[in-house]
Each structure stands twice: as structure tokens, then as C-alpha cells.
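Taken in order, these protein sequences are the chains called A, B, C, D and E. If you use my numbering, the first sequence corresponds to residues 761 to 1069, in order. If you use my numbering, the second sequence corresponds to residues 761 to 1069, in order. If you use my numbering, the third sequence corresponds to residues 42 to 290, in order. If you use my numbering, the fourth sequence corresponds to residues 42 to 290, in order. If you use my numbering, the fifth sequence corresponds to residues 20 to 206, in order. Where is the CB? At the ideal position from N, CA and C, for every residue including glycine.
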Amino acid sequence: AALAERFERTVAAEERIEPRDWMPEAYRKTLIRQIAQHAHSEIIGMQPEGNWITRAPSLRRKAILLAKVQDEAGHGLYLYSAAETLGVDRAELLDLLHAGRQKYSSIFNYPTPTWADVGAIGWLVDGAAIVNQVPITRCSYGPYARAMVRICKEESFHQRQGFEILHHLSSGTPEQHAMAQDAVDRWWWPSLMMFGPPDDASPNSARSMAWKIKRFSNDELRQRFVDMAVPQAEALGLTLPDPELRWDAESGHYRFGAIDWTEFHEVLRGNGPCNALRVEHRVRAHEEGAWVREAADAYAAKHAARAGA
Amino acid sequence: AALAERFERTVAAEERIEPRDWMPEAYRKTLIRQIAQHAHSEIIGMQPEGNWITRAPSLRRKAILLAKVQDEAGHGLYLYSAAETLGVDRAELLDLLHAGRQKYSSIFNYPTPTWADVGAIGWLVDGAAIVNQVPITRCSYGPYARAMVRICKEESFHQRQGFEILHHLSSGTPEQHAMAQDAVDRWWWPSLMMFGPPDDASPNSARSMAWKIKRFSNDELRQRFVDMAVPQAEALGLTLPDPELRWDAESGHYRFGAIDWTEFHEVLRGNGPCNALRVEHRVRAHEEGAWVREAADAYAAKHAARAGA
Amino acid sequence: TAATVQYLLRLGDDALVLAQRLGAQLTRAPQLEEDVALANIALDLLGQARPLLARAGELEGRGRDEDALAFLREERDFLNCQLVEQPDVDFAGTIARQLLFSCYQLPLLQALTTSADEVLAGVAGKGVKEVAYHRDHAVQWTLRLGDGTEESSRRMQAALDRLWPFAAELFESDDLVRSLAVRGVAVDPASVRPRWDADVDAVLAEAGLARPSSVRVATGGRRGLHTECFGYLLAEMQHLARSHPGATW
Amino acid sequence: TAATVQYLLRLGDDALVLAQRLGAQLTRAPQLEEDVALANIALDLLGQARPLLARAGELEGRGRDEDALAFLREERDFLNCQLVEQPDVDFAGTIARQLLFSCYQLPLLQALTTSADEVLAGVAGKGVKEVAYHRDHAVQWTLRLGDGTEESSRRMQAALDRLWPFAAELFESDDLVRSLAVRGVAVDPASVRPRWDADVDAVLAEAGLARPSSVRVATGGRRGLHTECFGYLLAEMQHLARSHPGATW
Amino acid sequence: MNEQPVLAETGTVLAAEQAPPSPGPPPMSPADLKLARIVAGQVPDPEVPVLTIADLGVLRDVDDHDGHLRVTITPTYSGCPAVEAIRDDLISRLSAAGFPHVEVVTTLSPAWTTEWMSEEGRRKLAEYGIAPPLRRAGGTVSLVLTVRCPQCGSARTRELSRFGSTACKSLRVCDDCREPFDHFKDH
């Protein structure tokens, strides 16, 4: 009870909970779930963009994209390590991902049929991710908060690159402009869904807020994203596919149309365009790599034994 | 002995030996080896051209190429059936091919890096094959001779299509013309080697001639091919890569330069550019198809059993 | 006619893309007879695709011939269903795709033999005989694999489960096709669904295979939205033609 | 300078094509650390390829930049060795290719740091550090796989056997490279063979792997003659760029 | 047996392509059309050259179309690659026969059927070693007829592969004389 009180005090004082501190089991579980989901999103998120590495239209873009996807793998590594400070290990978490028992961000269940999708993901998806993640830099759990500081910096860089891709396309040939507009048309609504269901339908939020794992409500963050994206779309010369979108001088915010939550729930339930593809791809890489990991373990064991002998 | 005499008489009278006739064991073996090698050449020969089916530059060319490769598979089937009349079965012959214990024409161990190679194979390789095969339509073994009649007709059609491909390229853009010339440069000498080693180095020929399995010597056929190809190359507007090539009015033949038999023997020994690739590809298809063949057998057995019950 | 062009492209692209997939299987079949059979089916489909695309180009009136439409269109302009572009994971997958597609294509072409568009009617008339064979081929192999060995049955079921979500798109109706159907040009694909259900169910039952229960519905092909494997198929198919702008072959 | 252009293309194409192969492995590695490592190696190689191609285009003087050389050249104009284009059959194959190539590239770049061509010397100077890491990575994995499990040892040996015929081409000398070597621009690749032999032999011995005995020598890459898999690599790499003539990205 | 089957047609194809552009088209007499029909009908099938396109029933019509000769053919199946070669041969042979303006039209409907193959064609096929398509009885019941071995005439034959080297043929084998042979399928 003294421990619980100290925990509450620390959180209330905006101080950090560290791995060796006592914490409530539910807090630990919530964090593990959230960090794991975040890590899974990084590594599944490599696929839609990775789809264009071999086909990038210039060497410069190829290098930027390679570096970006590498960053995502790096973020994944970093986040799995953060989760491991809470007493799970990466192998367990990967098994849960592969078995479909832990989620990743639904946004990665949409396909990338054109090069402009790489731009749209950078601009909109990374943009939304940053809005979601910046508050986590002040999360009550120390390792997660510190990881997010670094990750957010890198993602800002990615977002800027995505914006540049779209900007170049938008002011390029008519075909390139159409390609950019088409990508934005397809990614806009899914990006808005990245902030999760509306507040009145978001069950776990309250406790996460109290624990200072979450800092703002889904709808607040979504509004923040829209307010940021609309002027950027204008700068790009691209149209956001929402006829109801308009500036509301009174509130100082952009108002936007109703989100189709049926689609969101279908994708979440595993029926999105690429759910099966993404998990199969992951599982195949994992299974085909099993003999390699076994070899590395066997080698390490042999040499540890020799060193010990 | 009476049987042997009758066999000799039949062959001498230019009549046909049929499957149920008595024949010397060596005759049977020679024929099996030759027909099998011919069948193997058809199915391995599908690969270099098959390499371009998915990349043919027009739908018309794609259809023609698909049909051609289908023809080759059909010829393979036909020839394996002809070999089976001699008391072996296809599965055995395929095993020998896969184990590297029976050969196929070395010409298929060269790669097809460009579309023009499809034309060059049609014109030169099929052209050489026809010159080689037309005499076999008069082979003493009936089923083989009859098979060759129809196969030769179909191959003439293929050769014509190959010629047309090259003709179109040769009179197309400078890049297309260069592509055609490059392909002819690479295929000319290997085509000449298709007729086998020079007569003075060809050990098995004499007996095959006596048995009327073979009708002309390697060098005779090679000369016939050169005499045919040179004017066609002129019609194509392409140069044959042999500075010594010239018309010899006295003999009424084209004289050509010395063939590099070292290369021929290297390819024959398995060290050609694609020997490993071709056999691996075949073996992989065969092994990956094992479960399908097993299923078909199991199904047939079940249904034969049910029909019998 | 813009609607007819779209409709011709849907049918033509289905045939072209499936021919492309099957053509890639040549030299990779489990036995020589199947190399021949798959090549033959590919050739039939290519033979259907060519006049359909040529006709689409002619009606469009922008000077595009069959090759311009096949080799110089971008991914988002291809209107084939997603089923036909799905990759050949194994022979069971090839057969499952053939089964689902030919059981749809056969009644569709039968109905199209009376199309008001002459080319469409001609292609359909010719195609009916060919596709009857394609269906028969797929049915025979579905039976052999479903009722063959344990492994073949498992693979065939897995292939069906994997491809089933792509079947619904075949029967998708929209304003375009309904308006063309009224004019006697097109056939509403929804109308062939009962026949498809009956045919496929009968084969699966005889083969001892379960009708997949997947509720997922993949869609988008008719609007030019394709699965990620499709871009690679196009890159391979179009590369040479695109590398020589203006050349003929 | 025509000779220098050729030489730059050989080196640049080696790096570009290997980067392309490695880039395709991203999201397919046996563990996340390897996704990062392979991406990193690919990025280094791409970083070497770009200035080399750019320099080649500049010396050539026909207005071709790095992208024109990468995306608008035909297969027969690519001068990379055949080793780097060989497909990734499994992780052992990826590692074997890395081992054979990095053990060649490291001493080559070391010698090129003093090249009379400034760009070449610059790329080599920077590349030496990177490639030292590539080699170390390949060596560590060769040891783990060779001396790991029975399966890993078998796979690693098979990969070496498969790729060995492509090693000889790395050291092929010709008039072009010899004349450039005399002028201090190039390094005769034959000169790095002893170092390569010693390095590779040492690793194989420690890993318990046999030096393959294959006598087959694959060659042709430096004359633009490639193995059949290469056309597919190029089709994928170039398709988008070729689909939009004149566009920039 | 002709031992030089190689590219027998190539020269004439080239000649046709190089034919000079046409002056105005004169009208065609019935005799012209008759001659054109004969010449066109003699074009061989490229893959089974013992058969002409008239034997096969691939040649549907030869008529005067605004002073141009119009030849209508129907391919045996949709993807048949021989169509292109037949088209070239028609143009070159008709051109040699004095018809410089030839339009070859490919029509798919009505669809080609083996019913269109002439008796002559069937006889030539059998002589060539390919079992001809079976004649369907006019009645409603389609009998399962046997395919006879073109070598020994036996009815004891079975199908080895539904397709042979070309789509229109299947591969069979005779259980009596063991001959493998092609059967031109009923279609």
C-alpha cells in the first residue's frame, strides 16, 4: 500500500516511473500492450513502404526510402527493448503478433499501389503518428517517454520527406499530380481513423489518462492533426477528399465530415485490404529465418561453452 | 539369327522397324538414348525462350511465343511416347535427365538476355535443328520417323517466326537493329556446334549410319546449314560473326572459319553459362510437383478401386 | 461508348492478366501435360484479351491499340478483378484460381454471346467452347487434389481459403454494368452468381473440400485499385515495351 | 576518358545492383537486427554507386546523370559482375554473396584511395570504412552459419558452392583496366586476388566450410552479358522511371 | 520428302511487303473472284501444311469490297498464332496472283468448328498420321465414338494428354501397335 501510494505520488508529480520501481500490475500490462503494439506497428509499417524500395524512381529517393525503412526497423528494436524493461521478451511479443493476439496500427493494412503512396504515408501517416506520439514523450513511464523523444524527432524528418515527395509530384507532370491526388484521396480518411474511435466510444482512455500514459483524448488529437494538415494540403496544391471540410472561425478549428467507422472496425477485425498479407509476410520471414536464429544460438552456446571450458 | 537377318533385310530395304518387331539390343539402346536426348532437348529448350513469355513486347509476339513453347512441350510429350514404344518409361528418362546421366542439346545452356535472342533461337537454333532432323524422317525406326515428320513441319513454322522477329528488329530502330545483331553474334557459333564434333572425332556415327538412324555426317549437315543461313542473314541485313566466311564457287558451298571446340567441350562437360541453371530449374519444377503427381495417382487408385468394387 | 470501353477493359484485363500469370508457370508445372494445358489456357485467354482490348481502343478513339493498352497503361488504369492477379503460390493455388474464375467466366460468356456489341459477342461465342474446357480442367484437378492425398487436400483447402475473399468482386454490379446490360451490351455479373454458387459448391462437395467461411471481401479492381503484387507483374510485362518508346515489334 | 567511364560504370554498377538486391531483403530478414544491418549495407553501397555513376555521366559528356544511367540503360549496357546480381535464395546465399564480394571490394577500395581520379579516390576513402564493416558482418555470419547447426552449415556450404563460379570474374583483368592502372586511375583487380584468397580461406577454415572445388568460371558481366535473373531485376528497378519519360521525382 | 522446308515462304513475304503503293482500284470480275478464291484456298496451314485453309474451313469468304479483295478467315481458336502467318501468306500469294490490294479480315463469329473441315481435309490428315476429328451424328444423342489409330487402324487407343503440341490436337497412343499419334480434336 505504501508502494501504491508512492507510485500515485510519483505519477501525480509528473515524475517518472522507472523499470525497478514498483508499479500496479494493470499499469504494467497496459504499458506492455501499448509499447508492444507500437513496436509491432513499426515493423509491420516497414512493409507498405518497403514495397517501393526496389522500384523507387530515382537513386536519391531510393536512398531516402531505404534509410526511412531502416529507421523503422531501428524504432522497432528500440521499442521492443523498452517493453523488455517491463519483464517480457521480444520473442514472446512477436509470437503474439504472429498469432494475431496483439495488434498493430490498422493504417498499415492499406496497400501502396503507387509511388505517391510513399509520399502520402510520410506526410499523413507519419504526421498523424507524430501528433499521437508527441504527448507520449511526457508519459509517466521513463523508458517509453525517453524512447519517444528520439523517435518523434526522426519521424518529423520522415514526415518532411513525405511532404517533399508529394510536393514534387504535385508540381510535376499532370500524371504525377494525379498520382499524388489519388494517394491523398485514399489515405486521408484512414489517417483520421488512426486516432482511434471517438471519445464517447473509447473505453480504456480514462485510466490511461489518469496514469499519464495518455495525455489527450482521441478526438482532441484528431482535431489537432486536421488543423495541421489542412494548410499543408493547400501548400501542396492537393485537395482533401472531404466536401464538409471548412474553417470554423468561432472555434478556431477546421470542421470535418463524419468518419465511416464501419470501415475502421472491419479493418480492425482483420478484414482490411492487407491484414492477411501483412501478417503472412511477417510470419513467413520469421519462419524462414528460424534456422538462422537457431544457428546463431547454437554458435553462441558452443563458444560460450568453449570460453568457459 | 533368323530374326537378326530379317532386321538387317528390313533396314537395308529402307523399310521400317516397328515397336513389336525384333531388334538388336544395341539398336534399341541407341534409339532410346537418342530419342530421350531429343525429348529432353525439347523440354529444356522451353526455358531459354520461356524466359521471355512474361516480357514479350507485344501481345501478338507473346501469343506466338506461348504457342511455340507449348509446341515444344507437346513435342517432348510426343517424343517421350515414342521412346516408350521401346520399353522404357518417361519417369525413368526424366530421372536420368535430372541426375545428369542423359544429355540434352548443349545449345540450351546459353542465356537469353534480350528479346532478340528469341528471334535468334527461332532462326538459327530451330533452323539447325531442322537440318539435323529432316533426315530422321527417314529413320529406320517407324514411330521416331513419323514423329519427326510432324515435328519438322511445326519447327519450320517456328523458324519462320524467329526469322520474322529478327527481320522486324533489323529494320526497326537503331537500338532494335543492334539488339538483333548482338543476338546473332552470340548464337551463330553455338548453332554450328549443334551438329556435333567434326566427323573425324565423332565415334558413334558409323553404326548409326549403318542402322539408318543417322543419314548424314555431322560435317555434311553443318555445311548444309551454313549454306542455308548465309543468304538468309543477308536478307535480314545482319552480319554473321565470321570474317572467314565466303562463297566458294568451285565447291558451291560457303566456307567458314574454325570452330572453337574447347568451348563446346566445356559446355558439354557442364560448365556452360546455364547448365546448372537449366537442370536446377527442371529439378525444382519436378520436385515441387511431386505432391501433385502423388495426389493424381492416389485419386486414380481410389477411383479405380471404387469402380472395381 | 465510354461505358462500353470501360466494360471491355474489365473483361479484357481479366483475360490478359490471368494469361500473364499462367504464362509465367510454363516450365514450372508438375508434369509436362500441365505445361501444355496451362500454356493452352493462357493462349486462349490472351486470344480473348486481344480483340477486347483492340475494340476498347477503337471505341475510345484516342488511337490506342491493343499493345498501347496492355503495355503503356499504368496500374491504376487496369480494371481487372483482383482474383486474376493473385500470385501462383503452388499448383493448388493455380487450380483454385482457375476454378473460381472459369466457373464465373463460362456463364458470363454464355450470356454475352448475344451481346449487342459484335466483337464482344464474337469473343464470347469463341470463348465459350474454350472456357468450358478451362472449367473442366480446373474441376478435374480440384477433384484430384481434394480427394487425393492428405497433403494435396490440405493445400487445396488452403488455396481456396486464401483466394475466396477475391471471389465476391467477380459478381459486383455497378451503375456502369447495369446501364450497359439494359442496352443489351453487357451482362450484369450478379446474374451469374447463382450458377457459380451451385457449380462451385458441387465440385467442392465432391472433392471433399469445405466452402470457405471467410467474410472478408476484397474489392477495388474494377476501379483500378489492385493488390500489391500487381505492380510487379506489370513491371515485368511492360518493361521492354516501355524501354523502346515508339518502336514496333 | 571513355575507358574511365567504363571503369566507373563497372564499379558503380556493382554497388548499385548489390544495393538493389539487398534492399529487396528488407522486411524479409531472419531477425530485426538483420533488417537493420542489410538496409545499412545497401545504403552504403547505394551511397557509393551514386557519385560513381554521376562521375561516369559527367566524363561521358552526353548529359546523362546518375538516374539516367541507373534507370534508362538497357541490360547489355550494365557492366556489373554477375556475382552481385545473383538472387537471394536464402540468408546463407545473401551472406555468401556478401562474403565473396566484400573480401574483394575492401582491398580494391583500399588501393583506390590513391586513384588519380578524385571522385574515385573520394568514394574509395569513404567506402573503405563502410566495407570493412560489411566484411566483418559477412565474416561473423559465415562463422555462425558454418559452425552453427547441421542445417546452417549445409546451407552455407551450398550457397558457397552455388556462388563460387561467379568469384573469378571479380579478378578478371583486361586491357582497359590495365591501361587505367598504368595511369594510376584504376587498380588491376587481379592484384587483390591473393589477399582475397587468404581472407576467404581463413574464414572458411574457421567456419568449418570447404573451399568449393568448382572449375566452372562464369563471366561476361564486364561486357554487359548477364545471367537471366538480371533482366527481371532491371524491369522492377526501372519500370516506374521508364513509365514517365522526362519526369523528375 | 522435301529436305529443304526451311523458310520456303520468306522470300515471297518480303516481296509482298515491298509491293509498290496502289493506283485506283479497278472492279473485279466474277472470274477474278473465282481465281482469288482458289489461290486463297491453297494457303497451307502453317503447322499442318498438308492441310490448306480451305480444307480446314478457316477460309470463310473472298469478296470484292470497294474494289479491294477482302478475305475473311476464322481462327480455329482465339489465341491461334497461325493466324498471322496465314494472313501474310494470303497477302503474298494473292499479290503474286495479281491482287495487289488484299484486306484480310479475321472474324470470330460464328465460331470455327471441326464440322467445317472438308472430307478431303480429313483424308489428308489421316494420311499425314493425325487422326481426324470425329463426325458427330446428326441426331441428339452424342455417341462416344472411338478414335482409330492412323497407323494400324485399331480402335484400341487412349488419350495421353488432352493437348498436344497445338491446342487443336490431343496426344493419343494405340494399344495395339503402340504408335503415339495426334488426334485433331472435335470442336
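By the DSSP assignment, the beta strand (DSSP E) with residue i in it spans what residues?
i: Pro199 (chain E); result: 199–203
i: Ile92 (chain E); result: 87–92
i: Trp1007 (chain B); result: 1006–1008
i: Thr125 (chain E); result: 121–125
i: Thr71 (chain E); result: Premise fails: Thr71 (chain E) is in no beta strand (DSSP E) and is neither H nor E.
Using only the alpha-carbon positions, how far apart do residue i and residue j sit?
i: Arg154 (chain E); j: Ser111 (chain E); result: 34 Å
i: Ala35 (chain E); j: Pro92 (chain C); result: Low local confidence applies: a pLDDT of 38 at Ala35 (chain E) is under 50, so the model's placement there is unreliable, with the coordinate-based value given in what follows. One C-alpha to the other measures close to 26 Å.
i: Cys899 (chain B); j: Pro151 (chain E); result: 25 Å
i: Cys193 (chain E); j: Glu66 (chain E); result: 23 Å
i: Val77 (chain C); j: Ile803 (chain A); result: 43 Å
i: Glu1048 (chain B); j: Pro71 (chain C); result: 7 Å
i: Leu150 (chain D); j: Leu201 (chain D); result: 23 Å
i: Asp107 (chain E); j: Leu87 (chain C); result: 21 Å
i: Asp29 (chain C); j: Pro958 (chain B); result: For chain C, the structure presents residues 42 to 290; residue 29 (chain C) sits outside this window and is missing.
i: Asn1031 (chain B); j: Lys913 (chain B); result: 33 Å
Strictly under 8 Å for the Cβ-Cβ distance: is residue i near chain D by that measure?
i: Asp942 (chain B); result: yes
i: Asn869 (chain B); result: no
i: Arg946 (chain A); result: no
i: Thr933 (chain B); result: no
i: Tyr838 (chain A); result: no
i: Ala1045 (chain A); result: yes
i: Lys803 (chain A); result: The amino acid occupying residue 803 (chain A) in the given sequence is Ile; Lys does not appear at that position. It does: the Cβ of Ile803 (chain A) has a partner Cβ on chain D nearer than 8 Å.
i: Ala1056 (chain A); result: yes
Comparing the C-beta of residue i with each C-beta of chain A, is any distance below 8 Å?
i: His178 (chain C); result: no
i: Glu213 (chain C); result: no
State the start and end residues of the unbroken alpha helix (DSSP H) segment that holds residue i.
i: Cys270 (chain D); result: 270–284
i: Glu844 (chain B); result: 819–844
i: Val771 (chain B); result: 762–772
i: Cys193 (chain E); result: Not the alpha helix (DSSP H): Cys193 (chain E) falls in the beta strand (DSSP E), residues 188–193.
i: His206 (chain E); result: No alpha helix (DSSP H) contains His206 (chain E), which DSSP labels as neither H nor E.
i: Asp886 (chain A); result: 886–893
i: Thr45 (chain D); result: 43–64
So, is the C-beta of residue i closer than 8 Å to a C-beta in chain B?
i: Ala65 (chain C); result: yes
i: Arg224 (chain D); result: no
i: Gly102 (chain D); result: no
i: Leu190 (chain E); result: yes
i: Glu210 (chain D); result: no
Using a beta-carbon distance below 8 Å, is residue i in contact with chain C?
i: His206 (chain E); result: yes
Using a Cβ-Cβ cut-off of 8 Å, state whether residue i counts as contacting chain E.
i: Ala164 (chain C); result: Looking at the sequence shown, residue 164 (chain C) is not Ala but Val. Output row for Val164 (chain C): interface = yes.
i: Leu84 (chain C); result: yes
i: Thr845 (chain B); result: yes
i: Pro92 (chain C); result: yes
Listed in chain order, which residues of the segment 119–134 of chain C have Cβ atoms closer than 7 Å to some Cβ of chain D?
-> none
Hey, which unbroken runs of the alpha helix (DSSP H) at 4 residues or more fall wholly within the segment 1021–1054 of chain A?
-> 1021–1026, 1035–1048
Against chain B: residues of the segment 255–268 of chain D by CB proximity under 9 Å | Ser255, Val256, Arg257, Val258, Ala259, Thr260, Gly261, Gly265, Leu266, His267, Thr268
Between the segment 131–155 of chain D and chain A, which residues of the former have CB atoms less than 7 Å from a CB of the latter, in chain order?
-> Phe132
With a floor of 3 residues, list each beta strand (DSSP E) that falls wholly inside the segment 136–215 of chain D, ordered by position along the chain.
-> none
Write down every uninterrupted run of the alpha helix (DSSP H) in the segment 209–271 of chain C whose length is 4 residues or greater and which is fully enclosed by it, in chain order.
-> 216–223, 234–248
At a Cβ cut of 9 Å, what residues of the segment 269–284 of chain D count as close to chain C, listed as they run along the chain?
-> Gly272, Tyr273, Leu275, Ala276, Glu277, Met278, Gln279, His280, Leu281, Arg283, Ser284
Determine which residues of the segment 1022–1045 of chain A have a Cβ less than 9 Å from any Cβ of chain D, and write them out in chain order.
-> His1041, Arg1042, Arg1044, Ala1045
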